[in-house]
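First up is the structure itself, then whatever we jot down about it.
There are 2 protein chains.
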Amino acid sequence: MEGYRILEIKQSVFENNDREADKLREELKRSKTFLLNLMSSPGSGKTTTLKATIAALKDEFRIGVMEADIDSDVDAAAIEKTGVKVIQLHTGGMCHLDAGMTRQGLEGMGVEDLDFCILENVGNLVCPAEFDTGSAKNAMILSVPEGDDKPLKYPLMFSICDVLLINKIDVLPYFDFDVDKCREYVRRLNPNMKVIPISARTGEGIEEWAQWLREQISVWNG
Amino acid sequence: MEGYRILEIKQSVFENNDREADKLREELKRSKTFLLNLMSSPGSGKTTTLKATIAALKDEFRIGVMEADIDSDVDAAAIEKTGVKVIQLHTGGMCHLDAGMTRQGLEGMGVEDLDFCILENVGNLVCPAEFDTGSAKNAMILSVPEGDDKPLKYPLMFSICDVLLINKIDVLPYFDFDVDKCREYVRRLNPNMKVIPISARTGEGIEEWAQWLREQISVWNG
Numbered sequence: 013m014e015g016y017r018i019l020e021i022k023q024s025v026f027e028n029n030d031r032e033a034d035k036l037r038e039e040l041k042r043s044k045t046f047l048l049n050l051m052s053s054p055g056s057g058k059t060t061t062l063k064a065t066i067a068a069l070k071d072e073f074r075i076g077v078m079e080a081d082i083d084s085d086v087d088a089a090a091i092e093k094t095g096v097k098v099i100q101l102h103t104g105g106m107c108h109l110d111a112g113m114t115r116q117g118l119e120g121m122g123v124e125d126l127d128f129c130i131l132e133n134v135g136n137l138v139c140p141a142e143f144d145t146g147s148a149k150n151a152m153i154l155s156v157p158e159g160d161d162k163p164l165k166y167p168l169m170f171s172i173c174d175v176l177l178i179n180k181i182d183v184l185p186y187f188d189f190d191v192d193k194c195r196e197y198v199r200r201l202n203p204n205m206k207v208i209p210i211s212a213r214t215g216e217g218i219e220e221w222a223q224w225l226r227e228q229i230s231v232w233n234g
Numbered sequence: 013m014e015g016y017r018i019l020e021i022k023q024s025v026f027e028n029n030d031r032e033a034d035k036l037r038e039e040l041k042r043s044k045t046f047l048l049n050l051m052s053s054p055g056s057g058k059t060t061t062l063k064a065t066i067a068a069l070k071d072e073f074r075i076g077v078m079e080a081d082i083d084s085d086v087d088a089a090a091i092e093k094t095g096v097k098v099i100q101l102h103t104g105g106m107c108h109l110d111a112g113m114t115r116q117g118l119e120g121m122g123v124e125d126l127d128f129c130i131l132e133n134v135g136n137l138v139c140p141a142e143f144d145t146g147s148a149k150n151a152m153i154l155s156v157p158e159g160d161d162k163p164l165k166y167p168l169m170f171s172i173c174d175v176l177l178i179n180k181i182d183v184l185p186y187f188d189f190d191v192d193k194c195r196e197y198v199r200r201l202n203p204n205m206k207v208i209p210i211s212a213r214t215g216e217g218i219e220e221w222a223q224w225l226r227e228q229i230s231v232w233n234g
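Protein chains in written order, with my numbering: chain B, 13 to 234; chain U, 13 to 234.
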């Protein structure tokens, strides 16, 4: 018997997503629930990063995870093993989540008992960037094997995120990825973006990322 | 002075994309132009694979490449150096190409003098799978660092493609990617899919891929 629920998300009926997102954000602010929207390409290591993040913070915060996917529940099954609250959201082919869909997920999971919710968005660097989910902060992962030129090719995603995790730095020796060049591309698009190199696999950089999250959650609740 | 043109693609006006795609495919068949639609996540190595493909086949076929991207022309600049005809298509934020948009690209590039056209679609495993471009064949790349579970998570893409290139096999020792497991996931979704492990960087597998293309082009023209 699985310890998580699978929720089929319905297309949103709201015409003005920005307004819905602001409304959801205000509600989450009042209930002191910090919602992080985590985005990336398929295969950049979102789920492994989430597991490392949960391990670092689960003694300090009551954490819940929403796993959004076109299909399958492999991610929810992986997160469930960490012991935090988790729900699998199926988008029925839709390539992103908007605020109305995020609200369905939050209501399906139940957030009254949570301090920190993470939405693992659909693996896609294009469409999720266009829809405010109502999150407090937007985070993205770019992994070393994807290449340091991605900010040039997906500028909107890099522009709307507050923090960039450069993941899989343990394989830097095997790829032609220039961290400084990547930082420079990012700086031109989004000078305020925090950049944290990590390896979710080895744990390198996870404490800096956890500390960034602690500060954001503290500001959100203060 | 650049040797390639940048074309801003307009949203299609056609309501029935499948009909437009069939129409375009028939026209390309009559003019003996083989159109390949190449899809993958961002960073799986589409452009590097294209360069290796061009090197293998440019003495046999007159090749043209359409580089579709949200923004930037880094890919067209890279392909231009190979000496083949190339055009950069900017989708203006759109996450995929449909048949009408592909037609704009083909007309912008001019295909009268070409045997083999390649559309490098927008880096995205979700949306491009939903739109027939009018191509003769659909190819996709999954790279080793992305993980062997991707067929479970993006089943439509794996279902509509004729061939899967498993790229970056030179880094298999550094990642937890099981080629046999991946083949099995693919077989369950799409038993007819041809699977070719390659390394666009080292050249491994490129001859098998080139041979597959020769056969498809021969069937198309025969």
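A virtual CB, placed ideally from N, CA and C, is assigned to each residue, including glycine.
Asked                                                                                                                                               : Found
Enclosing beta strand (DSSP E) for residue 51 (chain B) [first to last residue]                                                                     : 46-52
Nearest to residue 58 (chain B) (by Cα), restricted to the options B:74, B:88 and B:46                                                              : B:88
3 or more residues per run - each beta strand (DSSP E) lying fully within the stretch 139-190 of chain U                                            : 149-155 and 175-179
Boundaries of the beta strand (DSSP E) in which residue 235 (chain B) is found, first to last residue                                               : Because chain B spans 13 through 234 in this model, residue 235 (chain B) falls outside it and cannot be assessed.
Residue burial classification, residue 13 (chain U) (beta-carbon count within 10 angstroms, cutoff 16)                                              : Low confidence applies to residue 13 (chain U): its pLDDT is 42, below 50, so where it sits in the model is not reliable enough to give any reading.
Uninterrupted alpha helix (DSSP H) stretches inside the stretch 51-88 of chain B (no shorter than 4 residues)                                       : 58-69
Residue 227 (chain B) beta carbon near the ligand GDP (any heavy atom closer than 7 angstroms)                                                      : Judged by which ligands are present, the structure shown has none, so any question about the ligand GDP falls away.
One or two residues paired with residue 129 (chain U) in a DSSP bridge                                                                              : U:47 and U:76
Under 9 angstroms by beta carbon: chain U residues contacting residue 216 (chain B)                                                                 : Those do not exist, as residue 216 (chain B) stays about 15 angstroms from chain U at its closest Cβ, beyond 9 angstroms.
Spatial distance of residue 163 (chain B) from residue 170 (chain B) (CA atoms)                                                                     : 6 angstroms
Distance, residue 116 (chain U) Cα to residue 18 (chain U) Cα                                                                                       : 12 angstroms
Contact under 8 angstroms by Cβ, residue 55 (chain U) with residue 135 (chain B)                                                                    : no
Three-state class that DSSP yields for residue 13 (chain U) in the structure shown                                                                  : Legend: pLDDT at residue 13 (chain U) = 42, less than 50; position of this residue unreliable, no value from coordinates given.
Below-8 angstroms beta-carbon distance, residue 167 (chain U) vs any chain B residue                                                                : yes
Residue 204 (chain U) to residue 174 (chain U) span [Cα, whole Å]                                                                                   : 7 angstroms
Through-space distance from residue 47 (chain B) to residue 178 (chain B), alpha-carbon basis                                                       : 21 angstroms
For residue 225 (chain B) and residue 71 (chain B), the rounded distance between their alpha carbons                                                : 14 angstroms
Alpha-carbon spacing of residue 146 (chain B) relative to residue 120 (chain B), whole angstroms                                                    : 16 angstroms
For residue 64 (chain U), the nearest candidate out of U:233, U:20, U:232 and U:216 (CA to CA)                                                      : U:216
Amino acids of chain B, ordered along the chain, whose beta-carbon sits closer than 9 angstroms to that of residue 155 (chain U)                    : 55, 157 and 158
Contact with chain U by residue 150 (chain B), beta-carbon distance below 8 angstroms                                                               : no
Identified DSSP bridge partners for residue 116 (chain B)                                                                                           : According to DSSP, residue 116 (chain B) bridges with nothing at all.
Close beta carbons around residue 189 (chain B), own chain, < 6 angstroms, minus the five adjacent residues each side                               : 156 and 160
Cβ neighbours of residue 8 (chain U) in the same chain (closer than 6 angstroms, five flanking residues each side left out)                         : Since the first and last residues shown for chain U are 13 and 234, residue 8 (chain U) lies out of range.
Beta carbon of residue 125 (chain U) nearer than 8 angstroms to that of residue 100 (chain U)                                                       : no
Limits of the unbroken beta strand (DSSP E) element including residue 97 (chain B)                                                                  : 97-102
Cβ-based burial, residue 44 (chain B) [other Cβ within 10 Å; buried from 16]                                                                        : exposed
Chain-order list of residues whose beta-carbon lies under 6 angstroms from that of residue 214 (chain B) (same chain, five-residue window excluded) : 182
Contacts of residue 190 (chain B) in chain U (Cβ-Cβ under 8 angstroms)                                                                              : Per Cβ cutoff of 8 angstroms: no residues; residue 190 (chain B) is ~14 angstroms from chain U at best.
Residue interval of the alpha helix (DSSP H) (run including residue 229 (chain U))                                                                  : 218-233
Element boundaries [alpha helix (DSSP H), containing residue 29 (chain U)]                                                                          : 29-42
Coarse secondary structure for residue 91 (chain U), derived from DSSP in three states                                                              : helix
Pair within 8 angstroms by beta-carbon distance, residue 40 (chain U) and residue 131 (chain U)                                                     : no
Beta-carbon contacts of residue 138 (chain B) that lie in its chain and below 7 angstroms, excluding the five residues immediately before and after : 166
Residue 212 (chain B) and residue 60 (chain B) closer than 8 angstroms at C-beta                                                                    : yes
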